[in-house]
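Peer 1:
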């Protein structure tokens with residue numbers, strides 16, 4: 010059984026559109042903006058609002074708009090969890106270019122999340138409690154003593170040293186350290202030379 014308000018709304022739409030199409034010229038057609046204005050004005054009336062609310066509450070209409078849970082689950086299984094989909098995502102994530110673009114797109118978001126987590130007192134407490142467990146301490150000790158970690162650290166250090174962006178900084182640091190060392194040596198030589206001259210003067214006077 011159809012809702013009487015819904016029927017009235019449909020009739021109202023039909024009449025308004027029909028009236029808009031009638032003008033001094035029998036062949037004139039209402040423009041899109043005119044029809045749009047008529048529909049918007051009709052929806053904003055109290056009868057229009059009531060009809061829309063009751064239409065949305067109608068189970069038969071909701072079935073047309075909202076998918077059932079079983080249908081959603083079936084669609085996900087067929088599209089995302091099928092063997093073909095798994096094979097597709099596996100090959101996609103093995104692509105270096107895709108992984109690089111994925112990492113770049115998520116870098117800022119991950120960095121922001123980590124900053125927020127580090128500032129969170131509860132997260133800090135959970136982190137301390139987690140790494141304070143005896144099992145975790147043993148695991149960390151074994152990892153730190155492992156040869157694999159040492160090799161990885163050496164690799165990271167070498168990559169850092171050989172990084173072109175840091176080459177100029179390394180050169181500047183070495184240059185500054187050399188200049189500061191040279192100035193210290195000159196200071197020592199001048200001070201030692203002054204002491205020798207004083208000793209010679211004292212010996213001559215005696």
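In this note's numbering, the protein residues as written are 10 to 215.
C-beta: ideal position from N, C-alpha, C; glycine also.
DSSP state of residue 54, grouped into three classes?
Peer 2: coil
Peer 1: What are the boundary residues of the alpha helix (DSSP H) that residue 95 is part of?
Peer 2: 92–103
Peer 1: To the nearest angstrom, how far is it from the Cα of residue 107 to the Cα of residue 101?
Peer 2: 7 Å
Peer 1: Roughly how many whole angstroms lie between the Cα atoms of residue 62 and residue 121?
Peer 2: When rounded, the distance between both Cα atoms is 42 Å.
Peer 1: Just how far apart, CA to CA, sit residue 152 and residue 158?
Peer 2: Their backbone Cα atoms lie some 7 Å apart in a straight line.
Peer 1: If you draw a straight line from the alpha carbon of residue 91 to that of residue 142, how long is it in whole angstroms?
Peer 2: 40 Å
Peer 1: For residue 187, count neighbouring Cβ atoms within 10 angstroms of its own Cβ and tell me buried if that reaches 16, exposed if not.
Peer 2: exposed
Peer 1: Could you give the distance in angstroms between the alpha-carbon of residue 116 and the alpha-carbon of residue 162?
Peer 2: 23 Å
Peer 1: What residue range does the alpha helix (DSSP H) around residue 136 cover?
Peer 2: 130–140
Peer 1: With burial defined as no fewer than 16 other Cβ atoms inside 10 Å of the residue's Cβ, what is the status of residue 60: buried or exposed?
Peer 2: Residue 60 is buried by the Cβ-count criterion.
Peer 1: Considering only residues of the same chain and omitting the five flanking positions on each side of residue 68, which have a CB-CB separation below 7 Å?
Peer 2: none
Peer 1: So, with DSSP's three-state summary, where would you put residue 110?
Peer 2: helix
Peer 1: Which of the three DSSP states is assigned to residue 189 in this structure?
Peer 2: helix
Peer 1: What's the C-alpha gap between residue 104 and residue 94?
Peer 2: Rounded to the nearest angstrom, the two C-alpha atoms are 16 Å apart.
Peer 1: Just to confirm my understanding: we take residue 53, look at its own chain, exclude 5 residues before and 5 after, and list those with CB closer than 8 Å. What are they?
Peer 2: none
Peer 1: Where does residue 155 fall in DSSP's three states?
Peer 2: In the structure shown, residue 155 sits in coil (DSSP, three-state: anything other than H, G, I, E or B).
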